[in-house]
Ligand SMILES: [Fe+2]
Ligand SMILES: [Fe+2]
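Numbering (the numbering used here), first residue to last: 743 to 898.
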């Protein structure tokens, strides 16, 4: 796991089957790291309006991690909490320039994130877990909208 970073961890998830405990734990780490990723961008974007939008996404990524922790508690039948190792954020190396085109890539990542969540919700047999996955997914599309706004602000 340690060789993975924020940009590559998602590729370890198997799209063909429902999320198992290990996959949900990877998503937990991705979401917690997503909060950090957005705050790093907000700190570097050099525009207050854009930074506010990015910090809103950051807060909601932490909420997504909380929903995944709930899903893990349901799946394991016991109150799930991360191990010390699972609490380590994935490395998210920042590009040299935080400019408009970067946010088009973020838009795509978020739209793909929604599609992934809806896909895994379809495969999920537990309705409560499926509902949590769909809630996260819908907010990823909201995040895509904010990233699109950041793109437009930086393109002015
Ligand atoms: Fe998320
Ligand atoms: Fe997101």
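Idealized CB from N, CA, C, for every residue including glycine.
Asked, Found
"Using DSSP with H/G/I as helix, E/B as strand and the rest coil, what is residue 749?", "coil"
"For ligand 2, is there a heavy atom less than 7 Å away from the beta-carbon of residue 803?", "yes"
"Quick check on the burial criterion: 16 or more other C-beta atoms within 10 angstroms. Buried or exposed for residue 820?", "exposed"
"Could you check what DSSP says for residue 841 in three-state terms: helix, strand or coil?", "coil"
"Cβ atoms of residue 780 and residue 845: under 8 Å apart, would you say?", "no"
"Identify, in the order they occur along the chain, each residue of the same chain with its Cβ nearer than 8 Å to the Cβ of residue 755, setting aside the five sequence neighbours on each side.", "761, 765, 768, 769, 858"
"Give the list of continuous alpha helix (DSSP H) stretches no shorter than 4 residues that lie fully inside the region 773-835.", "790-818"
"With a threshold of 16 other CB atoms inside 10 Å of the CB of residue 866, please say whether the residue is buried or exposed.", "buried"
"Please state if the CB of residue 856 and the CB of residue 879 are separated by a distance shorter than 8 Å.", "yes"
"Once you ignore the five residues that flank residue 890 on each side, which residues in its own chain have a CB closer than 6 Å to its CB?", "849"
"With DSSP run on the structure shown, which of helix, strand or coil describes residue 912?", "Residue coverage of the chain in this structure runs from 743 to 898, which leaves residue 912 outside it and unanswerable."
"Using the Cα positions of residue 788 and residue 898, report the straight-line distance between them to the nearest angstrom.", "14 Å"
"If you drop the 5 nearest sequence neighbours on each side, which residues of the same chain put their C-beta closer than 7 Å to that of residue 842?", "893, 896, 897"
"Do you know how far the Cα of residue 798 is from the Cα of residue 814?", "25 Å"
"I need the DSSP call for residue 756, collapsed to helix, strand or coil.", "coil"
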